[in-house]
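Colleague:
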Amino acid sequence: MQESLPQKFLPVAEQMDLLQKGAAEIIRVSDLRERLEESRKTGRPLRVKAGFDPTAPDLHLGHTVLMRKLRHFQQLGHTVIFLIGDSTALIGDPTGRNVTRKPLTRAEIDKNAETYKQQVFRILDEKLTEVRYNSEWLDKLGYAGLIGLSAKVTLSQMLDRKEFLTRFRAEQDISLHELLYPLAQGYDSVVLNSDVELGGTDQKFNLLMGRELQRDYGQKPQVVLMTPILEGLDGVQKMSKSLGNAIGINEPASEMYGKLMSISDELMWKYWVLLTDLRQSEIDAMKADVAAGKLHPMETKKKLARTITAGFHGEAAAESADENWARMFQQKETAEDLEEVAIPYSDVAGPEPGQIRLPKLLVAMGLAASGAEANRKIAEKAVRVDGEVVEGLLISVAALPARIVVRLGKRAKVAVVR
RNA sequence: GCACAGGUGGCCGAGCGGUUAAUGGCAGCAGACUGUAAAUCUGCCGCUCCUUGCGAGCUACGGAGGUUCGAAUCCUCCCCUGUGCACCA
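Residues in the first sequence are numbered consecutively from 15, following this note's numbering.
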């Protein structure tokens with residue numbers, strides 16, 4: 015995600031323009047403007063914090079919305095603090111769930127944190143990022159410290175939080191340690207003396223807790239900037255790996271491109287805003303052109319897919335993903351550069367030498383979940399081998415290291431049978 | 001702790017002794033259409049095997065037993081969830 019070089023201390027209006035793009039809510043906009051003015055005057059960069067639970071080791075585009083916003087701050091010359099919530103992960107963020115979360119083990123946390131960093135620095139500039147772990151101060155807090163911290167917040171404040179209130183009213187379990195989560199997150203802001211904290215809109219309560227505590231500790235309360243939650247491929251539910259509607263940032267270029275092409279026309283605009291660096295005004299213009307019939311929605315979506323893919327895989331890879339996609343879907347041919355899967359002949363051998371059982375091949379290639387499903391798909395004429403629809407269950411190969419292009423629906427791979 | 005109501009395939013939800021791999025909806029997959037999609041229509045939607053047949057076998061209705069020729073459906077015990085009461089002096 016390299017774009018224009020960092021430009022330190024631009025005029026505040028220009029900084030605001032970039033920072034406000036795609037932001038769901040800023041508390042408060044005037045405070046942010048004020049801090050930027052001050053920073054520009056004194057030459058002191060703002061300290062911008064965002065915390066991450068090292069619980070989900072595979073990042074997807076939904077996570078990158080926030081990362082990209084952090085990157086904007088970096089581009090403007092501010093200091094980004096990438097806070098790994100290794101201690102808070104022991105609690106488990108109660109946000110969005112009506113059940114107590116199960117805590118992770120220390121080893122899992124450490125492992126996840128590493129994977130996390132590795133992926134995050136595909137977007138953030140590692141050299142400009144301060145990485146911290148909140149165990150650094152939370153582990154030292156001690157019993158007395160914890161009491162002191164807890165004394166700052168009342169139960170009714172805690173019950174402002176929707177999830178807690180709902181569970182409380184329903185007389186469901188709320189473990190006491192869960193109440194500590196927002197407290198710990200807020201305390202992080204105090205220790206780091208943050209000027210700004212970023213988070214998703216679902217984090218509002220936790221983010222505001224930082225403001226509360228900073229006031230209590232005699233600091234100027236941080237500005238809170240919330241990013242929207244990005245819908246996944248279905249256009250309805252939030253992007254999430256467990257909902258199966260996510261685009262992972264480590265996915266191959268053609269995979270990423272293809273998935274992006276499958277989002278709805280409507281959703282595309284949100285992706286443009288949140289996942290690309292086009293200015294809001296440019297996006298609005300494009301949207302108007304599409305509405306007026308001057309620009310084709312498909313072309314616009316291709317451009318989107320290409321832009322985002324290029325951000326993770328480079329121009330060349332994005333271009334070939336684009337070409338492959340056109341072959342696969344527009345010309346219904348089989349793409350080049352398909353993923354190859356090596357399969358031992360013994361796994362797919364048919365009754366006669368040189369024959370291959372197609373259902374077994376489909377399973378071995380990961381195109382079908384089970385032999386029974388593969389059978390069904392073949393019966394539905396959904397399977398093509400080397401471009402031809404097959405109806406039989408056996409295929410023959412001439413010689414043994416054989417390359418077979420197999421396609422099931424929109425997915426195709428090359429089997430290398432040896 | 002007591003009482004009542006429930007626990008069915010990824011989810012919701014019928015079935016309440018036998019054409020049942022189990023109605024229906026959602027999600028998913030494939031085909032047609034299209035601009036990739038969306039919408040719409042059609043088909044599929046537990047697993048394994050092959051001689052792919054309106055084939056055979058296996059597994060499945062919270063768990064374990066039992067009754068029966070035969071159970072998701074009846075009985076017993078257990079586990080779990082919800083609701084009400086009690087407890088909280």
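C-beta: ideal position from N, C-alpha, C; glycine also.
Report yes if the C-beta distance between Gly364 and Leu414 is below 8 Å; otherwise report no.
Modeller: Cβ distance not < 8 Å, so Gly364 and Leu414 don't count as in contact.
Colleague: Rounding to the nearest angstrom, what Cα-Cα distance links Ser256 and Val210 in this structure?
Modeller: Whole-angstrom Cα-Cα distance: 31 Å.
Colleague: Exposed or buried, Gln29, counting other C-beta atoms within 10 Å across all chains shown (16 or more means buried)?
Modeller: That one is buried.
Colleague: How long is the line joining the alpha carbons of Arg320 and Ile261, rounded to whole angstroms?
Modeller: So the alpha carbons of these two residues sit roughly 14 Å apart.
Colleague: Given a threshold of 16 other Cβ atoms within 10 Å of its Cβ, counted over all protein chains shown, does Ala158 qualify as buried or as exposed?
Modeller: Exposed is the call here.
Colleague: Could you tell me which whole beta strand (DSSP E) segments of length 3 or greater appear in the region 337-394?
Modeller: List check, beta strand (DSSP E) in window: 354-357, 369-371.
Colleague: Nearest to Ile322 by alpha carbon, out of Gly246, Glu366, Val250, Ala267?
Modeller: It is Ala267 whose Cα lies nearest to the Cα of Ile322.
Colleague: Would you mind reading off the limits of the beta strand (DSSP E) that contains Glu39?
Modeller: Element bounds for Glu39: 39-41.
Colleague: Which of the three DSSP states is assigned to Arg225 in this structure?
Modeller: In the structure shown, Arg225 sits in a helix (DSSP, three-state: H, G or I).
Colleague: Given a threshold of 16 other Cβ atoms within 10 Å of its Cβ, counted over all protein chains shown, does Arg371 qualify as buried or as exposed?
Modeller: Buried.
Colleague: So, are the CB atoms of Lys166 and Leu221 less than 8 Å apart?
Modeller: No, the pair does not count as a contact, with Cβ atoms beyond the cut-off.
Colleague: Under a three-way DSSP split, which group does His74 fall into?
Modeller: Strand at His74.
Colleague: So which of Gly272, Met253, Ala356 has the shortest CA-CA distance to Val79?
Modeller: The residue with the shortest Cα to Cα distance from Val79 is Met253.
Colleague: Distance check for Ser149 and Tyr443, CA to CA, integer angstroms please.
Modeller: Coverage of the chain is limited to positions 15 through 432, which leaves residue 443 absent and any answer about it impossible.
Colleague: Taking 8 Å as the cut-off, decide whether the C-beta atoms of Arg47 and Val62 are in contact.
Modeller: Contact: no.
Colleague: For Lys63, name the three-state secondary structure that DSSP assigns.
Modeller: Residue state, collapsed to three classes: strand.
Colleague: How should Glu313 be labelled, buried or exposed, when 16 other C-beta atoms within 10 angstroms of its C-beta is the threshold for buried?
Modeller: It counts as exposed.
Colleague: Report the rounded CA-to-CA distance for Glu296 versus Ile392, giving the unit in angstroms.
Modeller: Roughly 46 Å separates the two Cα atoms.
Colleague: Tell me which residues share the same chain as Leu281 and place their Cβ nearer than 8 Å to its Cβ, disregarding the 5 neighbours each side in the sequence.
Modeller: Counting only Cβ-Cβ distances below 8 Å, and skipping sequence neighbours, we find Glu245, Gly249.
Colleague: Just to confirm my understanding: we take Asp53, look at its own chain, exclude 5 residues before and 5 after, and list those with CB closer than 7 Å. What are they?
Modeller: Rather than Asp, the amino acid found at residue 53 in this sequence is Ser. Contacts found: Pro59, Leu60.
Colleague: Bridge partners of Ser410, per DSSP?
Modeller: For Ser410, which the question treats as bridged, DSSP gives the partners Gln369.
Colleague: Across which residues does DSSP place Arg398 in a beta bridge pair?
Modeller: The partner list for Arg398 (beta bridge, DSSP) reads Val403, Arg421.
Colleague: Measure the alpha-carbon distance for Val238 versus Leu197 and round it to whole angstroms.
Modeller: Cα to Cα, Val238 sits roughly 16 Å from Leu197.
Colleague: If you run the structure through DSSP and keep just helix, strand and coil, what is Ile161?
Modeller: Helix, per DSSP.
Colleague: Does Thr143 come out as helix, strand or coil in the three-state DSSP assignment?
Modeller: In the structure shown, Thr143 sits in a strand (DSSP, three-state: E or B).
Colleague: Under the assumption that Ala324 contacts Ala332 (Cβ atoms under 8 Å), give the Cβ distance between them as a whole number of angstroms.
Modeller: Going by Cβ atoms, the distance from Ala324 to Ala332 rounds to 4 Å, so yes, they are a contact pair.
Colleague: Could you tell me which of Gln132, Ser276, Met223 sits nearest to Leu173, measuring between CA atoms?
Modeller: When only C-alpha atoms are compared, the closest one is Met223.
Colleague: Below 8 Å on the Cβ atoms is my contact criterion, and I expect Val94 with Trp151 to pass it. Report the Cβ-Cβ distance as a whole number of Å.
Modeller: With a Cβ gap of about 19 Å, Val94 and Trp151 do not count as contacting.
Colleague: Quick one: using the 10 Å Cβ neighbour count with 16 as the cut-off for buried, is Gly213 buried or exposed?
Modeller: So Gly213 ends up on the buried side.
Colleague: Using alpha carbons as the reference points, say which of Glu122, Ala103, Phe135 lies closest to Gln88.
Modeller: Per the Cα distances, Phe135.
Colleague: Output needed for Leu422: all residues of its chain with C-beta closer than 7 Å, excluding positions within five of it in sequence on either side, in chain order.
Modeller: Around Leu422: Leu376, Leu381, Ala382, Lys391, Ala396, Val397.
Colleague: Just the Cα atoms here: how many angstroms apart are Leu33 and Arg85?
Modeller: If I take the Cα positions, the gap works out to 10 Å.
Colleague: Per DSSP, Met240 is paired with what?
Modeller: Bridge partners of Met240: Glu39, Gly213.
Colleague: Just the C-alpha distance for Arg115 and Tyr147, rounded to the nearest angstrom, thanks.
Modeller: Residue placement at Arg115 is flagged as unreliable, the pLDDT there being 49, under the threshold of 50; a coordinate-derived value is accordingly withheld.
Colleague: Bridge partners for Leu97 per DSSP, in chain order?
Modeller: DSSP lists Gly65, Arg146 as partners of Leu97.
Colleague: Alpha carbons only, please: which of Leu160, Ala412, Ile161, Phe326 is nearest the one belonging to Leu73?
Modeller: For the residues Leu160, Ala412, Ile161, Phe326, the minimum Cα distance to Leu73 belongs to Phe326.
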